[in-house]
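Student:
Numbering (mature numbering (1 follows the signal peptide of the UniProt record, and there is no 0)), first residue to last: -21 to -1, 1 to 180.
#1: Apart from the five residues on each side of it in sequence, which residues of its chain come closer than 7 Å, Cβ to Cβ, to residue 131?
#2: Measure the CB-CB distance between residue 151 and residue 31 and report whether it falls below 8 Å.
#3: Does the contact criterion of 3 or more C-beta pairs under 8 Å hold for the stretch 14 to 28 versus the stretch 38 to 53?
#4: Let's test the definition: count the other Cβ atoms within 10 Å of the Cβ of residue -19 and tell me whether it reaches 16, buried, or not, exposed.
#5: Taking the CB atoms as reference points, tell me whether residue 98 and residue 50 lie closer together than 8 Å.
#6: I need the straight-line Cα distance from residue 133 to residue 8, nearest angstrom please.
#7: Which residue comes first and which comes last in the alpha helix (DSSP H) that contains residue 161?
#8: Please return the same chain residues whose Cβ sits closer than 8 Å to the Cβ of residue 118, not counting the five positions on each side in sequence.
#9: With a threshold of 16 other CB atoms inside 10 Å of the CB of residue 111, please say whether the residue is buried or exposed.
#10: What does the Cβ neighbour count give for residue 61, buried or exposed, with the cut at 16 atoms within 10 Å?
#11: Find the nearest neighbour of residue 19 within the set 74, 48, 44, 12, judged by alpha-carbon distance.
#12: Using beta-carbon positions only, say whether residue 11 and residue 95 come within less than 8 Å of one another.
#13: Please report the straight-line C-alpha distance between residue 81 and residue 87, rounded to a whole angstrom.
#14: Which first and last residues belong to the alpha helix (DSSP H) in which residue 44 is found?
#15: Which residue comes first and which comes last in the beta strand (DSSP E) that contains residue 8?
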């Protein structure tokens, strides 16, 4: 009897955990330096987890040094896990646009190179449609070409690779170094000039 009760409880807990996991969704954004992109999404209510990493290249499990040297095809990106009951994908898109400069090719402010291309990786038709619509809206708003790629992940089959632990939540774990980078790069003034008070930090 006790064994049956234990198994019933275990199955119920397993079902609950699976249901909770199913409620979460994933988005991936490449907005230049992943330190800053991750910081922007870490401040969004409804985001349950973020990981800095790489996406879009053919090299398996690339290191940061390999990506920085170029030639792997990856971009620095952030995987965002979120609760759609608390934050919508459209809100995440808004955070993304206002945390980067999508008007330049292979460069975001002071960071230049193919790994700093801006991109939105979509995982469903709904995400794809929302990303395309938001890009059109941003193009009209800024009145200039938007260089951000919108990539359907199902078409590429290329996975997201997390970066080394050292880079995760760098703005928190290495706050002095990050602040020095942020000021030296001039991200604040550059984004303020582009987006005004809508900048995502």
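Each residue gets a CB set at the ideal place from its N, CA and C atoms; glycine is no exception.
Tutor: Concretely, from the data shown:
#1: As a first step, residue 131 is located in the chain shown; it is residue number 152 there, counting from the start. Cβ within range, chain order: 101, 107.
#2: Your numbering for residue 151 matches position 172 in the chain shown. Your numbering for residue 31 matches position 52 in the chain shown. Contact flag unset, no.
#3: no
#4: Reading the chain shown from its first residue, position 3 is the one you call residue -19. Model confidence at residue -19 stands at a pLDDT of 48, short of 50, so the residue's coordinates are unreliable; what they give is reported in the following sentence. The residue in question, residue -19, is exposed, as its Cβ has fewer than 16 Cβ neighbours within 10 Å.
#5: In the chain shown, residue 98 corresponds to position 119, counting from 1. In the chain shown, residue 50 corresponds to position 71, counting from 1. Their beta carbons are not under 8 Å apart, which means residue 98 does not touch residue 50 by this criterion.
#6: Walking along the chain shown from the start, residue 133 turns up at place 154. Walking along the chain shown from the start, residue 8 turns up at place 29. Rounded to the nearest angstrom, the two C-alpha atoms are 15 Å apart.
#7: The count along the chain shown starts at 1 and reaches residue 161 at position 182. 154 to 164 is the extent of the alpha helix (DSSP H) around residue 161.
#8: As a first step, residue 118 must be located in the chain shown, where it is residue number 139. The answer, listed in chain order, is 124, 125.
#9: Along the chain shown, read from residue 1 onward, the residue named residue 111 stands at position 132. Residue 111 comes out exposed.
#10: Translated into the one-based positions of the chain shown, residue 61 becomes position 82. Buried.
#11: The sequence position of residue 19 within the chain shown is 40, counting from 1. That would be 74, whose Cα lies nearest to the Cα of residue 19.
#12: Here residue 11 refers to the residue found at position 32 of the chain shown. Here residue 95 refers to the residue found at position 116 of the chain shown. Result yes, Cβ atoms of residue 11 and residue 95 sit closer than 8 Å.
#13: To locate residue 81, count along the chain shown from 1; it is residue 102. To locate residue 87, count along the chain shown from 1; it is residue 108. In a straight line, the C-alpha of residue 81 is about 7 Å away from that of residue 87.
#14: Here residue 44 corresponds to residue number 65 of the chain shown, with the count starting at 1. From DSSP, the alpha helix (DSSP H) with residue 44 extends over 43 to 48.
#15: In the chain shown, residue 8 corresponds to position 29, counting from 1. That run of the beta strand (DSSP E) goes 4 to 10.
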